[in-house]
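Taking it in order: structure first as structure tokens, then the write-up.
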Amino acid sequence: MIMRMMLMLALYLLFSVSATVTTSDAATTFGGSRIIAIDKDQRTITFKTKEGETWTLPVTDPNLLDQPSVVKEGQVTIEIDLNDQITKVVKPSEMTGAPRTEIEDR
Numbered sequence: 003m004i005m006r007m008m009l010m011l012a013l014y015l016l017f018s019v020s021a022t023v024t025t026s027d028a029a030t031t032f033g034g035s036r037i038i039a040i041d042k043d044q045r046t047i048t049f050k051t052k053e054g055e056t057w058t059l060p061v062t063d064p065n066l067l068d069q070p071s072v073v074k075e076g077q078v079t080i081e082i083d084l085n086d087q088i089t090k091v092v093k094p095s096e097m098t099g100a101p102r103t104e105i106e107d108r
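Below you can see the structure in the form of structure tokens.
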């Protein structure tokens with residue numbers, strides 16, 4: 003009887019933990035991508051990832067298409083949200099790196 007109760011309790015805990023897993027608002031980042039096409043009418047950017055995949059995705063903000071970092075054939079890092087919309091396009095020169103350490107300066 004006690005084993006049965008322990009098993010039921012364990013199963014209850016297992017299911018309750020799996021039910022509380024939530025999705026995060028974290029974006030997916032495609033570093034080392036190249037912009038292939040920019041369609042201002044459709045508000046989309048077509049880019050090729052460093053792995054060779056080609057994606058055409060809408061942008062969340064139409065003003066993003068007018069930013070200097072959004073240049074055809076330019077190498078960029080592209081962030082997308084959970085709705086597969088482009089939220090940010092950054093050139094490698096605009097990215098902030100990690101602070102240098104004393105060992106790296108030597």
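The sequence shown begins at 3 in the working numbering and counts up one residue at a time.
Think of the CB as a built atom: it goes at the ideal place given N, C-alpha and C, for glycine as much as any other residue.
Per DSSP, which residues does T89 bridge with? Please list them. Residue pairing by DSSP leaves T89 without any beta bridge partner.
Going by DSSP, what residue range makes up the beta strand (DSSP E) through K152? No statement about residue 152 is possible, as the shown extent of the chain runs from 3 to 108 and does not include it.
According to DSSP, is A21 helix, strand or coil? Residue confidence is low: A21 scores 49 on pLDDT, short of 50, so the model does not pin down where it sits. Its coordinate-derived value is still stated next. Three-state DSSP puts A21 in a helix.
Does I47 pass the burial test, meaning 16 or more other C-beta atoms within 10 Å, or should it be called exposed? Residue environment analysis places I47 among the buried positions, since at least 16 neighbouring C-beta atoms fall within 10 angstroms of its C-beta.
Let's see if you can read the secondary structure: which residues bound the beta strand (DSSP E) around Q81? In the sequence on display, residue 81 carries Glu and not Gln. Per DSSP, E81 belongs to the beta strand (DSSP E) from 77-82.
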